[in-house]
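In this text, residue positions in the sequence shown follow this note's numbering: the first is 50, and each later residue adds one.
These notes are about the structure you will find just below.
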Amino acid sequence: MPFENRLLLRIDVDPLDGELPLPPGLDRWPAPGEVLLSPAAMDLLDEDPAFRAYVPGTAVGTVGEAGLRGPDELVAYRGVRSDDQPRGGLAATDASNGAMDLDTAPPSAGQIAALTLLMAGLVGLPVVAFLVVAARLSAAARRSRWTVLRFLGAPEKLVRRINGVENVVLAAVGWVAALAVYPVVNTWSAGSHVLGTTWFAKDTALTPALAGISGIVVLTLAVLAGARTSLPVGATRAAARQHEGAPRRASWRLLPLATGIVSLGGQVLAGVAREPGSMPVKLDLVMSGAILVTAVGLIIALPELVRWTGVFVARRSTNLAARIGGARAAFEPRASSGLVIGLALLVMAVGVTIGQTRDARAVSEPAADYVPVSVSVSELPDGARAQLRKSVAAPVLVLVAGDGATGSTATIAVATCGSVEEMLRTITSAQRLDCEPGETLTPGGRIDAATAAVLDSSAFAALDLASLATGALPDEVASFLVEGGVSALITVDPQPVLDSVRYGPTTETDGSTLYSEDALMVLTVPRAEVTATLASIYRVAPYSQPSAVGLDPASGQNIAMIDGFIQLGLILATAMTALALATALADRSVGRLRPDHELLIMGMPLAMIRRAHRWEVASTLVSGTAVALVAGIFGGLAWQYAGGLVRTPDWSATAMLVAASTGAAALLTCTSSVGVPREIDSELLRTP
């Protein structure tokens with residue numbers, strides 16, 4: 050049972066109907082009129098009066114942890130005698146109203162695959178970028194120590210072993226630190242909604258097996274990383290640069306990035322051209338593929354983007370510090386791109402998830418201001434139908450569906466002109482409906498065979514159909530109803546039709562049960578009143594199964610869990626990106642010490658050298674961050690416009706992303722000159 054955006058599991062049981070084994074979490078069955086609730090449901094019972102309609106009875110106890118999957122799960126065991134249950138407790142195996150199910154369709158397999166690819170790709174890429182940058186820069190920072198060891202006569206094999214031991218020791222320290230903080234992180238993540246759900250912390254407590262396996266994995270990766278980062282130590286940094294020579298142009302690096310951005314832009318245009326209210330274009334896998342191509346293309350293109358930006362600044366600027374900074378960035382574009390790769394991927398990932406998160410909410414929560422709430426008329430007891438109309442002040446529409454002689458299906462809507470006009474005004478913003486009471490309106494003004502067959506059903510027995518005038522559906526309502534599968538509109542009060550539908554299912558000769566009439570009662574209510582409307586239905590029909598368009602807690606839980614993993618990954622990626630940036634800035638400062646000393650000896654002012662550092666970092670960050678912003682925004686818009694349900698972008702979140710990216714780039718630029726030497730170090734100049 051959906052309650053707001055959560056799912057309630059209610060189990061009605063007759064405790065006198067034989068000896069039933071107790072489920073986990075219960076020490077006894079509830080007696081008739083009693084209710085056993087989970088702690089979260091017990092809290093809701095005190096906080097929200099509407100929740101009482103979902104679990105009628107006297108709360109006498111709680112469900113233990115053994116019977117729950119998490120502390121926030123809503124579970125209720127309700128004692129009800131078999132005689133008080135519908136049909137003596139006999140279940141309906143076929144409700145037979147699937148043709149008119151107004152609830153939102155569950156997310157497609159392609160959408161789930163797209164979410165999974167997004168989580169694995171866009172969250173994994175910043176992590177990979179951090180590992181690559183950290184490994185490379187760590188090796189670069191230790192190169193001078195390796196050279197000193199070689200000059201002291203240490204064999205190259207011994208130096209490599211020392212490097213491997215350093216990696217293993219650092220990995221072991223990190224592993225021990227992770228084991229120390231794991232209980233704190235586990236308790237926090239289990240109780241918070243960072244992963245889209247909650248669970249009991251003891252279920253994911255640290256075990257010796259988990260600690261041992263993680264230690265083996267970490268130490269193995271450390272050994273492999275040490276083998277990969279053990280660079281030749283015979284050459285000095287200056288000799289290596291002289292051997293590499295000037296950077297060469299590689300415009301081909303821009304091709305994957307351009308392909309991905311053009312594909313995302315085309316999907317955005319296709320989504321913008323889609324008519325409002327029409328079904329989204331199924332581009333899930335194409336969209337996720339384009340996002341991944343763009344992310345990989347961004348990694349490949351960053352060195353070339355940095356080189357172009359550096360060359361442009363060095364050639365076009367009239368400021369000497371800017372020309373020096375641009376030339377430095379352009380001279381080593383691959384090394385410089387290590388400063389921006391993690392930040393660029395993180396910015397793009399956040400941009401895409403803005404669109405994905407906004408669209409995911411529409412799968413499980415109503416997105417429109419007014420929401421149609423429907424319930425099968427056969428599930429409403431006699432007298433409850435009129436009572437429900439009185440208790441809920443909303444326009445009422447009754448839909449009756451059936452099959453014609455040829456196998457075709459038809460659906461007929463019954464409502465007053467005022468109700469139809471009010472529904473149109475709230476859903477489609479139409480101001481007025483050209484409608485007269487007592488008419489049978491169809492597209493084109495003629496009744497087809499399938500519609501005639503439905504009109505002959507018992508649901509319309511109380512109506513004098515022969516006295517009703519016939520006509521064509523007005524243009525303002527035709528597209529709205531026909532798109533929803535409605536073939537005719539009868540403009541009369543629907544109460545006679547409601548009273549003609551038989552309550553409860555019928556039992557067939559094969560033992561199956563189904564409803565004799567496929568009829569729905571539809572109430573259009575404001576989004577804020579959906580829960581109260583569902584509660585009103587449960588009060589008069591406790592065993593009914595009403596639905597609201599867009600309200601799907603089951604799908605919402607799955608998507609919220611995926612979103613939670615994405616958000617956690619982005620948090621970890623942010624931390625790793627910050628570490629990678631700090632490592633890159635530190636390594637860059639070490640690499641610039643000798644050139645900075647040479648500039649000081651030549652008489653360049655210290656302030657100008659600092660400005661040159663800022664221009665170098667700015668030239669490195671601007672192009673990569675700007676392109677990542679464009680790619681991320683395009684990815685988020687493509688998710689919404691082309692394949693999503695919500696067409697209104699989250700501009701406030703996008704503006705926050707732009708501001709945060711600009712602020713991060715500005716902060717890095719301002720702090721880049723911290724390592725500039727204040728005085729000349731003669732010992733450094735004697736180092737080869």
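Note that CB positions come from ideal geometry on N, CA and C, so glycine has one too.
Treat the numbers as computed from the prediction; the structure is a model and nothing was measured.
- Message: Just verifying my parser: in three-state terms, what is the DSSP assignment at Gly113?
- Response: The residue labelled residue 113 in the question sits at position 64 within the sequence shown. In the structure shown, Gly113 sits in coil (DSSP, three-state: anything other than H, G, I, E or B).
- Message: For the structure I just gave you, are there three or more beta carbon pairs, one from the stretch 462–469 and one from the stretch 530–542, closer than 8 angstroms?
- Response: yes
- Message: I need the straight-line Cα distance from Arg77 to Met625, nearest angstrom please.
- Response: Within the sequence shown, numbered from 1, the residue matching residue 77 stands at position 28. Within the sequence shown, numbered from 1, the residue matching residue 625 stands at position 576. Distance between the alpha carbons of Arg77 and Met625 is about 51 angstroms.
- Query: According to the Cβ coordinates, are Ala339 and Arg302 closer than 8 angstroms?
  - Reply: Within the sequence shown, residue 339 is the residue found at index 290, counting from 1. Within the sequence shown, residue 302 is the residue found at index 253, counting from 1. For Ala339 and Arg302, no; Cβs fall outside 8 angstroms.
- Please go through the stretch 483–539 and give each complete alpha helix (DSSP H) segment of 4 or more residues, from N-terminal end onward. 498–504, 524–532
- Can you give the beta carbon distance from Val362 to Val574, rounded, assuming they're within the 8 angstroms contact cut? In the sequence shown, residue 362 corresponds to position 313, counting from 1. In the sequence shown, residue 574 corresponds to position 525, counting from 1. So it is not a contact: roughly 59 angstroms between Cβ atoms.
- Task: Kindly indicate which three-state DSSP category Glu578 falls into: helix, strand or coil?
- Result: Along the sequence shown, one-based indexing puts residue 578 at 529. It is helical.
- Residues near Ala99 by beta carbon distance below 7 angstroms, same chain, minus five either side: Here residue 99 refers to the residue found at position 50 of the sequence shown. Excluding sequence neighbours, Ala99 sits near Thr580, Ala581, Ala584.
- Might you give, ordered along the chain, the residues of its own chain that have their beta carbon closer than 8 angstroms to the beta carbon of Val355, omitting 5 neighbours on each side? In the sequence shown, the residue the question calls residue 355 occupies position 306. For Val355, where only same-chain residues beyond five positions count, the Cβ hits under 8 angstroms are Ala378, Ala379, Pro382, Ser385, Ser386, Val389, Ser668, Thr669, Ser672, Gly673.
- Pull up the distance between the alpha-carbon of Ala633 and that of Leu86, whole angstroms please. On the sequence shown, position 584 is the one that residue 633 refers to. On the sequence shown, position 37 is the one that residue 86 refers to. For Ala633 and Leu86, the distance between alpha carbons rounds to 55 angstroms.
- State buried or exposed for Trp664, treating a residue as buried only when at least 16 other CB atoms are found within 10 Å of its CB. Sequence index remark: in the sequence shown, residue 664 carries index 615 (1-based). Buried, since its Cβ has 16 or more Cβ neighbours within 10 Å.
- Task: Let me know the secondary structure DSSP gives Ala675 once reduced to three states.
- Result: Within the sequence shown, numbered from 1, the residue matching residue 675 stands at position 626. Ala675: helix per DSSP, three-state reduction.
- Task: Could you name the residues of the same chain whose beta carbon sits closer than 7 angstroms to that of Leu648, not counting the 5 residues immediately before and after it, in chain order?
- Result: Along the sequence shown, read from residue 1 onward, the residue named residue 648 stands at position 599. Here the set comprises Ile658.
- Distance, Cα to Cα, Ala398 vs Leu517? Translated into the one-based positions of the sequence shown, residue 398 becomes position 349. Translated into the one-based positions of the sequence shown, residue 517 becomes position 468. Each residue's Cα considered, the two are about 60 angstroms apart.
- Message: What does DSSP give as the partner residue(s) for Pro421 in the beta ladder?
- Response: As a working note, residue 421 is residue 372 in the sequence shown. In the DSSP secondary-structure assignment, Pro421 is bridged to Thr573.
- Task: Buried or exposed for Ile60, please, with buried defined as at least 16 other CB atoms from any protein chain shown within 10 angstroms of its CB.
- Result: As a first step, residue 60 is located in the sequence shown; it is residue number 11 there, counting from the start. So Ile60 ends up on the exposed side.
- Query: Run through DSSP, which three-state label would Phe100 get?
  - Reply: For this step, residue 100 is matched to residue 51 along the sequence shown. Three-state DSSP puts Phe100 in a helix.
- Item | Boundaries of the alpha helix (DSSP H) in which Asp548 is found, first to last residue | The residue labelled residue 548 in the question sits at position 499 within the sequence shown. Asp548 -> alpha helix (DSSP H) spans 544–549.
- Does the stretch 365–378 come close enough to the stretch 308–319 that 3 or more CB-CB pairs lie under 8 angstroms? no
- Name, in chain order, the residues that DSSP records as bridge partners for Gly743. In this structure the chain extends from 50 to 737, so residue 743 is not present and cannot be described.
- Message: With H, G and I counted as helix, E and B as strand and the rest as coil, what does DSSP make of Gly432?
- Response: Start at 1 with the first residue of the sequence shown, and residue 432 comes out as number 383. Correct three-state label for Gly432: coil.
- Which residue from Arg551, Thr519, Arg576, Glu578 puts its Cα closest to that of Leu569? Here residue 569 refers to the residue found at position 520 of the sequence shown. Comparing Cα positions, the closest option is Arg551.
- Could you check what DSSP says for Asp76 in three-state terms: helix, strand or coil? Taking the first residue of the sequence shown as position 1, residue 76 is located at position 27. Coil, per DSSP.
- Message: Please identify the residue among Asp63, Gln616, Val426 whose C-alpha is closest to the C-alpha of Gln134.
- Response: Translated into positions along the sequence shown, residue 134 becomes position 85. Of Asp63, Gln616, Val426, the residue nearest in Cα terms is Asp63.
- Task: Measure from the alpha carbon of Pro114 to the alpha carbon of each residue in Thr703, Ser238, Leu75, Gly432, then state which is nearest.
- Result: Numbered from 1 along the sequence shown, position 65 holds the residue referred to as residue 114. The residue you asked about is not Pro; residue 114 is Glu in the sequence shown. Ranking Thr703, Ser238, Leu75, Gly432 by Cα distance to Glu114 puts Leu75 first.
- Helix or strand or just coil, what does DSSP make of Arg641? As a working note, residue 641 is residue 592 in the sequence shown. The answer is coil: DSSP assigns Arg641 none of H, G, I, E or B.
- Go ahead and pull the three-state DSSP assignment for Leu318. On the sequence shown, residue 318 is found 269 positions in, with the first residue counted as 1. Correct three-state label for Leu318: helix.
- Query: When the Cα of Pro698 is compared with those of Gly685, Val707, Met705, which residue comes out closest?
  - Reply: For the purposes of this step, residue 698 is identified with residue 649 of the sequence shown, where counting begins at 1. The residue with the shortest Cα to Cα distance from Pro698 is Gly685.
- Query: Given a threshold of 16 other Cβ atoms within 10 Å of its Cβ, counted over all protein chains shown, does Met472 qualify as buried or as exposed?
  - Reply: Your numbering for residue 472 matches position 423 in the sequence shown. Buried, because 16 or more other Cβ atoms sit within 10 Å of the Cβ of Met472.
- Could you check the C-alpha separation between Ser507 and Leu446 for me, to the nearest Å? As a first step, residue 507 must be located in the sequence shown, where it is residue number 458. As a first step, residue 446 must be located in the sequence shown, where it is residue number 397. One C-alpha to the other measures close to 18 angstroms.
- Query: DSSP puts Asp567 in a beta bridge; with which residues?
  - Reply: If you number the sequence shown from 1, residue 567 lands on position 518. DSSP lists Ala450 as the beta-bridge partner residues of Asp567.
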